[in-house]
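In our numbering, the protein residues as written are 32 to 110.
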């Protein structure tokens with residue numbers, strides 16, 4: 032297996048993923064959002080995973096990023 036400088040910190044709903052990505056940017060963390068459905072759509076293919084995204088961050092920022100993910104999830108559940 033190849034070593035990576037990035038860690039997956041979220042996999043799930045596109046809407047929640049956008050909220051998390053925005054909070055990460057506010058905290059100065061650059062996230063990579065992988066949206067297979069959007070990539071497939073742009074390439075002219077259909078996708079069964081219409082609402083799923085993965086978010087990756089640099090390994091150095093993983094701990095702080097995971098805290099942000101948990102905070103956003105808790106705030107979303109309380110709404």
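Idealized CB from N, CA, C, for every residue including glycine. Owing to the predicted nature of the structure, the values given are computational and were not obtained by experimental measurement.
Check                                                                                                                : Outcome
Exposed or buried, which one is residue 46 when buried takes at least 16 other CB atoms within 10 Å?                 : exposed
Buried or exposed: where does residue 96 fall if 16 or more other Cβ atoms within 10 Å of its Cβ makes it buried?    : buried
Have a look at 84, 39, 104 and 92 and flag the residue whose alpha-carbon is nearest the alpha-carbon of residue 59. : 92
So, is residue 100 buried or exposed, given that buried needs 16 or more other C-beta atoms within 10 angstroms?     : buried
Measuring straight from C-alpha to C-alpha, what distance separates residue 50 and residue 61?                       : 14 Å
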